[in-house]
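Only one structure is covered here, and it is reproduced in the block below.
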Amino acid sequence: MSQKSYRSALVGLLGCPVDENPTVVTIEAAFRALDIDGRYITMKVLPEDLGDAIRGLKATSFLGTHITIPHKVAVLSYLDEISPNAALMGAVNTVYFRDGKICGENTDGKGFIMSLTQGGVELNAAHAVLLGAGGAARAIAVELANHGAAQLTIVNRSPERGQALARLINEKTAASARYVPLTPNFSIPSDCDILVQTTSIGLYPDPSCPHIDFSSLRPEIVVCDIIPNPIQTLFIQKAAEKGCRTFSGFDMLVNQGAFSFRLWTGKEAPIQAMKDALAAEY
Ligand code: NDP
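Reminder that position 62 of the sequence shown reads as 62 in the numbering used here, one-by-one numbering, no gaps.
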């Protein structure tokens with residue numbers, strides 16, 4: 001009999017709700033492309049069970065796990081180590097186990113930045129306008145500042161979260177930020193270079209989009225919507241009609257998974273195989 005191993009490399013996703021998250025498709029495509037016997041298990045975990053779930057994954061030799069809503073902040077209390085960036089954001093979307101320790105990183109913002117830089121978008125000295133100030137916005141804002149954006153305008157419905165994010169950027173990064181309330185028919189500032197839609201408005205099955213004044217969009221503005229499903233949100237469609245270059249949440253979803261894959265396996269992720277697999281789902 002050969003020396004074949006019957007034990008798979010295990011990673012996964014903890015969240016609630018989690019059933020419609022398609023990340024399994026991308027990570028298992030990466031395993032297949034690299035000829036690794038690996039599984040990605042999508043797991044529903046209630047908030048009160050998060051600690052048990054993380055300890056269980058460690059005990060069963062998982063390589064790590066993705067963390068999604070509503071656990072990205074709560075997971076911090078179960079970590080032995082956290083990356084400086086994730087600590088700054090106050091949120092973790094990737095847990096990995098190393099040398100017996102539970103470690104946390106946030107790859108959401110890195111995945112977003114990778115989509116833009118791969119597309120040749122200049123971030124240096126840019127003015128970025130973010131709609132939303134939730135967990136994803138925090139990750140994106142910190143990474144935009146880390147990658148040279150000079151000015152951030154945080155546009156949010158609730159002043160508390162919007163002001164907190166602007167304060168974080170002003171106090172902890174080299175960029176300057178201000179908070180502006182999200183009002184109906186919001187007009188995009190005329191010196192905006194990059195507009196990022198990070199609210200959950202437009203996520204399937206919601207067909208709507210934030211009520212901005214689309215006539216204020218200059219065609220030079222790069223417009224991103226991080227909603228991964230549908231790929232062509234109403235927001236993206238309206239921006240494209242104004243002649244703007246657009247980026248959907250599709251590449252961000254693949255790229256953040258690629259960063260996590262490297263943390264779990266130590267291997268470069270086969271990004272094209274991951275994109276092809278995800279595209280086939282839509
Ligand atoms: P959060 O719940 O942390 O934040 C939601 C944000 O949306 C808040 O700013 C909230 O404003 C705003 N919002 C929600 N509903 C409304 C509304 N009706 N009107 C105005 N503002 C509203 O979520 P996340 O930041 O974690 O995720 C946001 C979106 O990003 C989700 O759709 C998620 O799918 C997507 N995402 C995509 C990723 C990708 O890889 N493509 C990765 C991570 C997230 P307020 O503060 O006022 O409540």
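Every residue, glycine too, gets a C-beta built ideally from N, C-alpha and C.
Cβ shell of glutamine 163 (< 7 Å), same chain only, five flanking positions each side left out: Tyr179
Beta-carbon gap between leucine 152 and glutamine 197 smaller than 8 Å: Not a contact, by the Cβ cut-off of 8 Å.
Own chain, CB closer than 7 Å to phenylalanine 259, minus 5 neighbours either side, in chain order: A distance below 7 Å between beta-carbons, with the five flanking residues on each side excluded, links phenylalanine 259 to the following residues of its chain, in chain order: Thr107, Lys110, Gly111.
C-beta atoms of alanine 33 and alanine 280 nearer than 8 Å: Alanine 33 places its beta carbon 8 Å or farther from that of alanine 280.
Among Val45, Ala177, Arg218, Tyr6, the one whose alpha carbon lies nearest that of isoleucine 36: Tyr6
Under 8 Å between C-beta atoms of valine 223 and valine 121: no
Check: isoleucine 201 C-beta below 7 Å from any heavy atom of the ligand NDP: yes
Spatial distance of glycine 249 from alanine 145 (CA atoms): Rounded to the nearest angstrom, the gap between the Cα atoms of glycine 249 and alanine 145 is 20 Å.
For proline 181, the first and last residue of its enclosing beta strand (DSSP E): 176-181
Separation of alanine 277 from alanine 29, as counted between CA atoms: 6 Å
Length-filtered (4 minimum) alpha helix (DSSP H) runs lying within the segment 2-89: 23-33, 50-59, 84-89
Between the CA atoms of alanine 87 and lysine 4 - distance to the nearest angstrom: 41 Å
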